[in-house]
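Take a look at the structure set out below.
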Amino acid sequence: GGYKPDIHFIRRVTTTEGKVLYDSGGGSAPRVVKPEIVGMMNSMMTGTVEIGTARKAAFAWPSAGKTGTSQNSRDAWFVGYTANLTTGVWFGNDDGSPMKKVTGGALPAQAWHEFMVAAHEGVPVRPLPGTWKSTPADTIVPDEIPSANNTAPVPSTSVGQQAPARPAAPVAQAPVRAARPAQTVEADGLSMPEDDGATASIKHPVPPGDVGGPRKKRQTSILDLLGG
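The numbering of the sequence shown is our numbering, which starts it at 4 and goes up by one.
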């Protein structure tokens with residue numbers, strides 16, 4: 004139940020006349036796990052016995068546990084517990100050789116069942132400890148369903164409630180202002196001209212009209228005279 008037990012191997016020693024020679028005491032144990040966590044773990048482990056791999060272990064007491072099977076069925080076990088007793092059952096060969104398709108939910112769970120039925124004979128049934136209680140997933144309804152197109156959230160409806168005839172109107176957004184034309188930017192004494200007709204040829208160069216015409220004779224320079 005979330006308490007730290009005082010581990011001991013001998014509970015009590017008495018004489019044939021009933022005189023107590025030794026008693027472990029069995030004082031109060033400190034709580035080390037919250038009741039909510041205990042209940043949560045019991046809820047998960049109970050599913051193994053009720054609807055899981057250890058269904059063959061179920062008997063009249065509320066019980067929980069975990070099955071286990073190693074590779075090639077060399078080991079198979081079931082460790083389970085009630086509010087009264089914890090028991091582990093292991094099946095395997097001493098030499099570690101594989102068994103014939105033995106799993107934890109088969110022979111170990113059946114052996115655990117037979118032992119626990121005999122061990123709890125005449126003992127009043129007790130529920131597993133813990134205070135946690137699960138909430139069914141179909142009862143959780145969010146307050147609002149987010150929209151994928153940045154419009155107003157759509158209110159959720161409960162089961163059986165009719166949805167609104169019209170969807171919620173989209174949220175009005177501020178108009179987008181047109182971009183202003185480029186302006187002159189001053190930087191280190193230099194200026195970038197505005198986008199006008201004089202600079203249009205920079206973006207869209209136009210070849211001169213004499214492209215492909217006869218080659219004009221250039222003027223002779225001093226380099227031509229020195230080089231012959």
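C-beta: ideal position from N, C-alpha, C; glycine also.
Whether P111 touches A79 by CB criterion (7 Å): yes
Per-residue DSSP class, three states only, for V52: helix
Whole-angstrom distance between V92 and A11, CA atom to CA atom: According to the sequence as given, residue 11 is His; it is not Ala. When rounded, the distance between both Cα atoms is 21 Å.
Inter-residue spacing [alpha-carbon to alpha-carbon] between D26 and K7: 19 Å
Neighbour-count burial assignment, F1, 16 or more Cβ in a 10 Å radius: The requested residue 1 does not occur in the structure, where the chain is confined to residues 4 to 231.
Proximal residues to G4 (C-beta, below 7 Å), its chain only, five neighbours per side dropped: Only V41, P132 meet the Cβ criterion.
Alpha carbon of A67 to alpha carbon of F94, nearest angstrom: 19 Å
Beta-carbon proximity of N87 to V126, cut-off 7 Å: yes
Where S76 falls, given that 16 or more other Cβ within 10 Å makes a residue buried: Residue burial annotation: S76 is buried, with at least 16 other C-beta atoms found within 10 angstroms of its C-beta.
A79 - containing beta strand (DSSP E), residue span: Counted as a single uninterrupted DSSP element, the beta strand (DSSP E) harbouring A79 occupies residues 78 to 84.
Neighbourhood of P65 by C-beta distance below 6 Å, restricted to the same chain and skipping five residues each side: Taking C-beta separations shorter than 6 Å and ignoring five residues to either side along the sequence, the partners of P65 in its chain run P130, L131, following chain order.
Cutoff 7 Å; reference A122; Cβ partners in own chain excluding five residues on either side: L88
Whole-angstrom distance between V16 and K22, CA atom to CA atom: 8 Å
Three-state secondary structure (DSSP) of R15: strand
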